[in-house]
Amino acid sequence: MRTVAVIQARLGSARLPMKSLLCLRGSPIVDWVVDRTRTARLVDMVVVACPDTPLDRVLAQHLQSRGVPVVTGPEDDVLARYVIAARKFEAARVVRVCADNPLIWGEAVDRLVRFHEASHAEYSYNHIPRDCLWPDGLGAEIVDRRLLERMAVEAHAPSQREHCLNWIWDNPDRCTPATFDPEEEWLRRPDIKLDIDTAEDFRRLALLPVTRESDAREIIEAADSADFQGRPDKPGTARR
19 MRTVAVIQAR LGSARLPMKS LLCLRGSPIV DWVVDRTRTA RLVDMVVVAC
69 PDTPLDRVLA QHLQSRGVPV VTGPEDDVLA RYVIAARKFE AARVVRVCAD
119 NPLIWGEAVD RLVRFHEASH AEYSYNHIPR DCLWPDGLGA EIVDRRLLER
169 MAVEAHAPSQ REHCLNWIWD NPDRCTPATF DPEEEWLRRP DIKLDIDTAE
219 DFRRLALLPV TRESDAREII EAADSADFQG RPDKPGTARR
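So the mapping is simple: my numbering equals the position in the sequence shown, first residue as 1, plus 18.
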């Protein structure tokens, strides 16, 4: 089964404009996300889904100059962008990656794919500590193509189109999310938040002594040395 990772990225973020092209240790954040996602061995292809706006044309051109496949679609209909990507690249399963997760870990993605296959779930996740003990920002989400196509038809609320997998959480009787805990005790760190939503998140992460090659152990140790814990006002369970 063909597994395609689709990274959703844009430049028009209200809280942190131009976020995807902000430089982290000399490289745009989106490059960190693409390169680290590409280390996942069980993903057949990595693409980026951008809005089709004049502003985001800058982002698309940057990615294309690096040889990264890009699809474009409505800015506020992220679900439509995912469907466009799944159809264009003939994905049987789609791994959803957010471009605000520069420290995504390829091994966490591989573990997610293996869990999803073994559990026969339609949707699985390990990107947030919601009913699991993963740090916020190392993992991803995975959804079967059939479920993605069904959501494209049945998801009508603006929140379900912009936050493209909200339909799953809004309809627990139609689809049960599946998740799992990390095997290692040191990795069971739901208190750590590694994604970038605000300028303060960027400042804290930019000061963290990690590189694009850092593995999860190095990231957790660096986070501990910097007392880099999630903000109490934004628990990981709120992110979908």
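The beta carbon of each residue, even a glycine, is placed where N, CA and C say it ideally should be.
Check: Nearest neighbour of residue 92, chosen from 83, 85 and 103 [CA to CA]; Outcome: 103
Check: Boundaries of the beta strand (DSSP E) in which residue 65 is found, first to last residue; Outcome: 63-69
Check: Inter-residue spacing [alpha-carbon to alpha-carbon] between residue 134 and residue 127; Outcome: 10 Å
Check: Counted within 10 angstroms of its Cβ, other Cβ atoms place residue 144 as buried (16 or more) or exposed; Outcome: buried
Check: Which of helix, strand or coil DSSP assigns to residue 163; Outcome: helix
Check: Cβ contact (3+ pairs, closer than 8 Å) linking the segment 148-156 and the segment 54-68; Outcome: no
Check: Burial state of residue 95, where buried means 16 or more other Cβ atoms lie within 10 Å; Outcome: buried
Check: N- and C-terminal bounds of the alpha helix (DSSP H) containing residue 124; Outcome: 124-137
Check: Candidates 230, 240, 245 and 236, of which the one nearest residue 41 by Cα; Outcome: 230
Check: Same chain, Cβ closer than 8 Å to residue 238, five either side skipped, listed in chain order; Outcome: 153, 204, 205, 207 and 210
Check: Euclidean distance between Cα positions of residue 251 and residue 221; Outcome: Reliability fails at residue 251, whose pLDDT of 42 lies under 50, so the model's placement of it is uncertain and no value is given.
Check: Candidates 115, 107 and 125, of which the one nearest residue 201 by Cα; Outcome: 125
Check: Per-residue DSSP class, three states only, for residue 25; Outcome: strand
Check: Rounded straight-line distance, which links the Cα of residue 232 to that of residue 166; Outcome: 32 Å
Check: Check whether residue 119 and residue 85 have beta carbons under 8 Å apart; Outcome: no
Check: Three-state secondary structure assigned by DSSP to residue 173; Outcome: coil
Check: Counted within 10 angstroms of its Cβ, other Cβ atoms place residue 79 as buried (16 or more) or exposed; Outcome: exposed
Check: Under 8 Å between C-beta atoms of residue 213 and residue 68; Outcome: no
Check: Enclosing alpha helix (DSSP H) for residue 55 [first to last residue]; Outcome: 47-55
Check: Limits of the unbroken alpha helix (DSSP H) element including residue 101; Outcome: 96-106
Check: Three-state secondary structure assigned by DSSP to residue 158; Outcome: coil
Check: For residue 110 and residue 164, the rounded distance between their alpha carbons; Outcome: 8 Å
Check: Within 8 Å, strictly: CB atoms of residue 22 and residue 38; Outcome: no
Check: Reduced DSSP category for residue 81 - H, G, I as helix; E, B as strand; rest coil; Outcome: helix
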